[in-house]
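Novice:
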Amino acid sequence: MTSDQAPTTSFLEVWRPGGVEVVLLAGPSLTIGRGEGNGVVLDHDGQVSSLHAVLVSYGAGWAIRDLGSTNGTVVAGERLLAERALRHGDAIQIGATRMVFRGSAGRAAPTTAPRRPPELTRREHDVLVALCRPLFSGEVFTEPATAREVAAALVVSEAAVKQHLLRLYDKFELDPASTRRRVELANAALQRGAVTPAELT
1 MTSDQAPTTS FLEVWRPGGV EVVLLAGPSL TIGRGEGNGV VLDHDGQVSS
51 LHAVLVSYGA GWAIRDLGST NGTVVAGERL LAERALRHGD AIQIGATRMV
101 FRGSAGRAAP TTAPRRPPEL TRREHDVLVA LCRPLFSGEV FTEPATAREV
151 AAALVVSEAA VKQHLLRLYD KFELDPASTR RRVELANAAL QRGAVTPAEL
201 T
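Taking full-length UniProt numbering, the leading residue of the sequence shown gets 1, the next gets one more, and so forth.
(1) Taking 8 angstroms as the cut-off, does the stretch 84 to 96 touch the stretch 159 to 169 (at least 3 CB pairs, one atom from each stretch)?
(2) Where do the N-terminal and C-terminal ends of the beta strand (DSSP E) with Leu12 fall, by residue?
(3) Measuring CB atoms only, is the stretch 112 to 130 touching the stretch 181 to 194, in the sense that at least three cross pairs come out at less than 8 angstroms?
(4) Using only the alpha-carbon positions, how far apart do Arg84 and Val56 sit?
(5) What residue does the beta strand (DSSP E) around Ala91 start on, and which one ends it?
(6) Since Leu51 contacts Asn38 with CB under 8 angstroms, what's their CB separation in whole angstroms?
(7) Could you give the DSSP three-state label for Glu149: helix, strand or coil?
(8) Please check the pair Val54 and Val129, which I expect to be a contact at CB under 8 angstroms, by giving their CB distance rounded to whole angstroms.
(9) Straight-line CA distance for Gly61 to Val156?
(10) Any beta-carbon of chain D closer than 8 angstroms to the one on Ile64?
(11) For Ile92 and Glu13, what's the separation of their Cα atoms in angstroms?
(12) CA-CA distance, Ala109 and Ile64?
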């Protein structure tokens, strides 16, 4: 297979200071950002937001979407304004980090809807918005809000927020043994459209 031929398995070439890392693309989506909970962690790049972009699988190919990052995402020389189908060989610029998508040639636009978010109560949605808002503050090294910070933002008790979070962890099918569930919940909420960047800025 030459570099111009699409491989049967899609992957990203991530150009790091120490060399090129190959990241296999599997599952419904893959987030990219500085935060530890991302599928591709770019903690060496100060121009990358904590939760910067997401790659979404549509069966026949992959698409990329910017998640309201401070510095934006560039694909094939064009700044992303909406979700875009990826084609074999597309160069992706996130902060100062270069990536190259290797996979099946994308279609003109994805047509299959991503996995829908679970049914949420109004209060659960409010908790998710408060949880995710720090990720869009423009600051580096940001994490999702703590239960105490969410409680203060919503003017409710911390115990009530923790109960909502437990239900949300269950609804989003997160690993109960994980020590990073707040980060994983924020990632899942954004990936599946339960919270949109427009609600957080």
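Beta carbons: idealized from backbone N, C-alpha and C, even for Gly.
Specialist: By the coordinates alone:
(1) no
(2) 11 to 16
(3) yes
(4) 10 angstroms
(5) 91 to 94
(6) 7 angstroms
(7) helix
(8) That belief does not hold up - the Cβ atoms of Val54 and Val129 are roughly 18 angstroms apart, past 8 angstroms.
(9) 43 angstroms
(10) Judged by its chain identifiers, the structure shown contains no chain D, having just a single protein chain.
(11) 10 angstroms
(12) The predicted position of Ala109 is uncertain, since its pLDDT is 39 and thus under 50; a value taken from the coordinates is nonetheless stated next. Between Ala109 and Ile64, the C-alpha separation is close to 11 angstroms.
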